[in-house]
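Residue numbers (this note's numbering), protein chains in the order written: chain A, 17 to 286; chain B, -5 to 259; chain C, 145 to 465. Idealized CB from N, CA, C, for every residue including glycine. It should be emphasised that the depicted structure is a prediction, and the values quoted were computed from it without experimental measurement. Contents: one structure, followed by commentary.
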Amino acid sequence: MADLRALAAVYVRLVASRIRAHLEYPVSFSLQLVGTALLTLIDFVAIAVIFVNVPELGEWTVGEVALLYALATISFALTDLAIGHLDLFPQMIRDGTFDQILVRPLPSLLQVVTMDFAPRRIGKVIQGVVVLVLALVLLDVDWTVARALAIPLAIAAGAIIYASVWVALATIAFWIVDAIEVVNAFTYGGSFLSQYPIGIFARWLQGLVVFVVPLAFVAYFPALYVLGKDDALGLPQALSFASPLVAVLAALVAGAVWRNAVRHYRSAGG
Amino acid sequence: MRLYFELARRGYRRYSAYPAATVAGLFTNIFFGLLLAYILLAVYAETDEIGGYDVRDAIAYVWISQGLFSVVAIFGPSWFDLAIRVRSGDVATDLQRPLDLQLSTLAQDVGRAWYQLFFRAIPQFVLGAIIFEITIPNEAGRWLLFAVSIALAIPVSFGIRFMLNLCSFWLLDHRGPTLLALALNNVLSGMIVPLAFFPGSLDTLARLLPFASMLQAPIDIYVGEPIGGNAATALTLQVGWAVALYLMGRMMLAAGTRKLVLQGG
Amino acid sequence: MIELEGIEKRFVVRVKTGRLRRERREVMAVAGISFSIEPGAMVGYVGPNGAGKSTTVKMLTGILVPSAGRLRVGGLDPPRQRIELARRIGVVFGQRSQLWWDLPLADSFDLLRHIYRVPERRHRENLDRFTQTLALDDFLSTPVRQLSLGQRMRGELTAALLHDPEIVFLDEPTIGLDVVAKAAVREFLAEVNRERGVTVLLTTHDLADIERLCSRLLIIDHGRLIWDGGLDELKRRYGQERTMIVDLEEAAPPLDVPGARVVRVDGPRQWLSFRRDETSAAELTAAVAARSHLVDLAIEETEIEEIVRRIYATGATPPVS
């Protein structure tokens, strides 16, 4: 436990350091934020354009889909903010940085996760929040305290689920060097598909994102709860509460996958 | 002439040397193709036709565009090779060679496109045709015009990428303009949704820009909905942009070279 | 402090045989190495590239798991007790950095203090000491990426020692440094070893490092230990030959000097090979000057690669030390 405290202290310092560095150039930083926000907003254009042409998508209205989009996007942006540097993980293995990590008295995954922090990606979070507000304005939600809490809870759980998937996929770098593009397909593709009502996808794909790679729990199921919608893909409606539990499970699985991959790395050689 | 063919060959081989990466890329495109196809199926459950596209057109659109991405190089690691060379100063050696830098880079790009046409675009298309019901033209003429349009899309795409890379002569970081170009590209090339889905005037405007000439134009021809009602307009636009971008690229290269010489790089 | 017994490391390598097929081939990077190092020793670890040096060090530091053999570092089993071991060792990789690239050097030290959980006071003491000895004051607040190689290396050494490790593994710590910086680093290492009793395993290509710092030398080649003993002993047996490169006023036929033979001629430049125990450099210089118009000269020592080659050539087996 003392180890974790040490790690937390290091991480806080690192984050503070990065934020300080960005704040030294406030104008450039704000421009970056706005730029990133606008660029990501373009993703929403696709959805907007669809709804210019049709009133509903798989029985979901524009406000409802906007909520899905917002939850998925904010979660993903938070994950990207915290561990976006995992994109460079294959490079870290190649240039020996990972060996350096193994020589430090801390668990390797925690070190990798806390290695960097990218304040400029906050722009994507902002964009998601804007769409969230838009969605809530468009919708007529039957608000309860539980429903109101469900949103931040879903976002937190969603971020952990994305992070788990990302970490598990990143371990591919220990085994294969070339085909790293596949990882991007699944991380960005996964984020993309969780912005849409899962029901519109083929049965096998639905099964995949509910039981194997639990992306359906990032935005879809929580949204069902908030909206009081009855569309649980033929599964028990109770699943709409399952996101936090799924997040914990996903994190555990990711940890196990990581440990196994590192074990392989240490046996098979740098 | 011979030399340019060799360069094209080199560009081809650069990609054929990494079959694993090609398969991985194909996989990615197929994955996205599936997602987009399902989304469009859901959209067309509500309506029969959008902007002249019916459901079979729209799904054909998605599969072809995913396949053409790599050919037309909308993303890709090859984007910034030149920019890196400009920034490091290595480009000076390139400029001293008797080969024209712009044309030789274009030749390599054509080689690359050729490889990706056969090993990414065509498998992608065939797979899409098998899994889904898509539009398949039965007039040989349309196929021919489609092929011509794809061929024209490559220099248009090259023109944009070439100029973006050359920005490195003046800017320290090519990321800014690149991000902007990518974003514009995403929307205006018809990558996310067919341009036909955009409301009228936006649609027309978008199709006039070069981005549309990269992707939307060939697909429009394939599907039978080219801008202005006949393929000739679309093709003319493509040719126009290819030439215009080529000339702009030349001017930029000349300006950049002058700067390099003045700096004693 | 460090004990290896019959340590082996096998890698499986995929080699292309034809367009699509790949063959699995096994490479023995380390083929049975045994040695032990007592606390407070400073030992040099030397060998040609690809000999297995880095692999051995990676096993000693817990990065790689040996395929066979017994391994104890500081009484711990590195593959199984990686984190515990990490607290008690320091590592400097010459080519890689353990510092945070875009943060000021002082920030890196601060972060490391937390990572290694060094008590504030001890950290302060150490940092002050090292700042003084290595003259870090000038660049403590400079971001690491702006430091010169020499400055960075001083920072790396500090970083490796701040938490009072018992054992330090140094991999090419003087590579790329100028003569002055190299001397400073060597001084520092000698002092640290002497005053703090830190056990040091020094991997290097630079024989001068070894000469200055290590009384004992381990030579590895093709995954095997081919020398474990004193440097003087090594030189006596295999390092006797030196080369004097003389620049004459003009091209001349090969010089005929007692105690040396000409091995190469290139215009006015000649390479004379002589044995340390037969002829001194001074004698040879005098002899050459007497027989020719000598403009300039230089002396080359035997390279470690040369020594290794020679050990193989004479069929020497690893001496028991």
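No Cβ of chain B is located within less than 8 Å of the beta carbon of A186 (chain A).
For T205 (chain C), a Cβ of chain A is located within less than 8 Å of the residue's own Cβ.
The beta carbon of V174 (chain C) is closer than 7 Å to those of I151, E152, K153, G196, T199, T200 and G367 in its chain, skipping five residues each way along the sequence. For A54 (chain B) against L34 (chain B), the beta-carbon gap comes to about 10 Å, at or over 8 Å, which does not count as contact.
Counting only runs that start and end inside the stretch 232 to 274 of chain C, the beta strand (DSSP E) elements of at least 3 residues fall at 233 to 237. Here Y236 (chain A) is not near S207 (chain A), since their CB atoms are 8 Å or more apart.
Chain-ordered, the chain A residues with CB closer than 9 Å to the CB of Y260 (chain C) read A22, R120 and P121. Residue burial annotation: Y38 (chain B) is buried, with at least 16 other C-beta atoms found within 10 angstroms of its C-beta.
Burial is judged here by how many other beta carbons sit within 10 angstroms of a residue's own beta carbon; A238 (chain B) has fewer than 16 and is exposed. Of all residues in the stretch 67 to 78 of chain A, only V68, N69, V70, P71, E72, L73 and G74 place a beta-carbon less than 7 Å from a beta-carbon of chain B.
Secondary structure note for Y189 (chain C): its beta strand (DSSP E) is the uninterrupted segment M186 to V190. With a threshold of 16 other beta carbon atoms within 10 Å, L305 (chain C) meets it and is buried. In the same chain as F(-1) (chain B), and ignoring 5 residues on each side of it, the C-beta atoms closer than 8 Å to its own belong to A101, in chain order. Judged by pairs of C-beta atoms under 8 Å, the stretch 246 to 255 of chain C does not touch the stretch 325 to 334 of chain C, as fewer than three such pairs exist.
In the displayed model, W76 (chain A) falls within a strand according to three-state DSSP. Taking the CA atoms as reference points, E355 (chain C) sits about 19 Å from V312 (chain C). Leaving aside the five residues that flank G79 (chain A) on each side, the residues in its chain whose CB is nearer than 7 Å to its CB run, in chain order, A151, L154 and L155. For W415 (chain C), the uninterrupted beta strand (DSSP E) run begins and ends at R413 to R419, by DSSP. Boundaries of the beta strand (DSSP E) harbouring L314 (chain C): I311 to D315, taken from the DSSP string. Ranked by Cα distance from P398 (chain C), the options C:V406, C:P223 and C:L392 are led by C:V406. Beta-bridge partners of M131 (chain A) (DSSP): none assigned. Contact between Y6 (chain B) and W108 (chain B) holds, with the beta-carbon distance rounding to 6 Å and staying under 8 Å.
A residue is called buried when at least 16 other Cβ atoms come within 10 angstroms of its Cβ; G403 (chain C) does not meet this threshold and is exposed.
Look at F283 (chain C) here: in three-state DSSP terms it is helix.
In the structure shown, R120 (chain A) falls within a coil segment according to DSSP collapsed to helix, strand and coil. Look at E393 (chain C) here: in three-state DSSP terms it is coil, with no helix or strand label. For M172 (chain C), the uninterrupted beta strand (DSSP E) run begins and ends at R166 to I181, by DSSP.
Closer than 8 Å to the CB of F253 (chain C) there is not a single CB belonging to chain A. F152 (chain B) and R158 (chain C) have their C-alpha atoms roughly 37 Å apart. The three-state secondary structure of Y216 (chain B), taken from DSSP, is helix. For D350 (chain C), the CB contacts under 7 Å within the same chain, skipping 5 residues up- and downstream, are T318 in chain order. If the five residues before and after V273 (chain A) are omitted, its C-beta is found closer than 8 Å to the C-beta atoms of V183, A184 and T187, all from its own chain and listed in chain order. In this structure, V157 (chain A) lies away from V81 (chain A), with their beta-carbon atoms at least 8 Å apart.
DSSP places L441 (chain C) inside the beta strand (DSSP E), whose first and last residues are L438 to E444. Boundaries of the beta strand (DSSP E) harbouring V409 (chain C): A404 to D410, taken from the DSSP string. Within chain B, the C-beta atoms nearer than 7 Å to that of F208 (chain A) come from L29, in chain order.
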